[in-house]
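Engineer: Going by the numbering used here, the sequence shown opens with residue 625, and the numbers climb by one from there.
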Amino acid sequence: MKKKLITSLLITTFTISLITSTTTKAIAIDSIQNLEDTNNLIIAENEGAEIENSATTSSAATIEINENIIISEPTIEQESLENSDLQTEYTKVLEVLHNFKTTNNTTEADIINSIKDCIDSSIAVSFVSFGTSEEQVFKKIDATIETQGSITGIINISNGNWSKDIQVNLSIDKLIIVKDNAVAKLDAEIEGSNSEKKLIIGQVITVNITGYNAAGEKVKLDESKLKYKWYANGKEVGNDKNLEITQDMVDKFISCNLEYPDEV
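1. Note down the Cα distance separating Glu883 from Ile781, rounded to an integer number of angstroms.
2. Taking DSSP as the reference, what is the three-state secondary structure of Ile747?
3. Using the Cβ count rule (16 or more neighbours within 10 Å means buried), how would you classify Ile735?
4. Would you verify that the beta carbon of Val717 is, or is not, closer than 9 Å to some beta carbon of chain B?
5. Less than 9 Å between the C-beta atoms of Lys788 and Gln711, yes or no?
6. Quick one: is Thr731 buried, meaning 16 or more other Cβ sit within 10 Å of its Cβ, or exposed?
7. Grab me the residues of Val861's own chain with a C-beta within less than 6 Å of its C-beta, minus the 5 sequence neighbours each way, in chain order.
8. Roughly how many angstroms separate the alpha carbons of Thr768 and Ile878, rounded to a whole number?
9. Below 6 Å CB to CB, which residues in the same chain sit around Gly798 once its five sequence neighbours on both sides are set aside?
10. How is the alpha helix (DSSP H) around Ser738 delimited, first residue to last?
11. For a test of the three-state rule: what should DSSP assign to Val861, helix, strand or coil?
12. In or out: Ile829 buried (at least 16 other Cβ within 10 Å) or exposed?
13. Starting from Val828 and walking both ways along the beta strand (DSSP E), at which residues does that stretch end?
14. When you compare each of Lys865, Ile825 and Lys842 to Lys851 by their alpha carbons, which one comes out closest?
15. Under the three-state reduction of DSSP, which class applies to Asp661: helix, strand or coil?
16. Taking the alpha-carbon positions, what's the Ile840 to Asn783 distance?
17. Which class does Asp872 belong to by DSSP, given the choice of helix, strand or coil?
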């Protein structure tokens, strides 16, 4: 499969207007897109059963100590509201974990901080251990070229009265070895217009292509491998790096389809 990049222009009378505010388009790494799609799994303990602990055990709304002192305890309605609020934060945590991008460098703090950024600041978040065991529940197995890695553990969230545990099972993608000079991404920029993005009929526009490796570093492209196809309203009007603007291009969408073979 070849990397493809399409850049479009709209030509009005004696001018060309860019459709978007930028002419730079990024092309994703094809090889990564072809990797096995492994979704992170977030499994609630006991198949979704919620672990709830209440600090309040009395069902009474108030306790009378004497005729002058009355200490109020949370009502059933208040407890229900607190539990409902924690359930909302619980759902947010599940979403954060589902979308979390793991690597071999991911730490316990990375996950905790990502969760804290998305939930109410009054909620306490931590990885927990099994009972009195000293064993750390946050456990990471690094990925290799041959195998995926994983991050497992139990996260606890609490609002002081209620708490919930979430069992976590995240995957880490296999490592990919790439050549430093292998092209993984292309950026394109159309040049030839003035500062107002205007062109006149007879002027020549050019597409400049920049290649990057998987690390995001610029690499030299083999110009002989680049293929250009210019279109005016879907009709091919050129197959070179440059395109001369002609009268019959006025009020038509001009697009350039660029192709470069995979190297990653």
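Where a beta carbon is used, it is the ideal one built from N, C-alpha and C, also for glycine.
Quantities reported herein were computed from a predicted structural model and do not represent experimental measurements.
Structural biologist: Per the coordinate set shown:
1. Each residue's CA atom was taken as its position, placing Glu883 and Ile781 some 50 Å apart.
2. For Ile747, the three-state secondary structure derived from DSSP is coil.
3. Around the C-beta of Ile735, 16 or more other C-beta atoms lie within 10 Å, and the residue is accordingly described as buried.
4. Absent here is chain B; the protein component of the structure consists of one chain.
5. Yes, Cβ-Cβ distance for Lys788 and Gln711 is below 9 Å.
6. Around the Cβ of Thr731, a 10 Å sphere holds fewer than 16 other Cβ atoms; the residue is exposed.
7. Contacts found: Trp854.
8. One Cα belongs to Thr768, the other to Ile878, and the distance between them is close to 45 Å.
9. For the sequence presented, residue 798 should be read as Lys rather than Gly. If we look at Lys798 and ignore the five residues flanking it on each side, its Cβ neighbours are Ala767 and Gln772.
10. Residues Glu732 to Lys740.
11. In this structure, Val861 counts as strand in the three-state DSSP scheme.
12. Burial check for Ile829: the Cβ neighbour count within 10 Å reaches 16 or more, so the residue is buried.
13. First-last of the beta strand (DSSP E) with Val828: Val828 to Tyr836.
14. Checking every option, the nearest Cα to that of Lys851 belongs to Lys865.
15. Interpretation of Asp661 is limited by its pLDDT of 38, a score under 50 that renders its predicted location unreliable; the figure taken from the coordinates is listed afterwards. In the structure shown, Asp661 sits in coil (DSSP, three-state: anything other than H, G, I, E or B).
16. Position check: residue 840 holds Gly in this sequence, whereas Ile was assumed. Their Cα atoms are separated by approximately 43 Å.
17. Helix.
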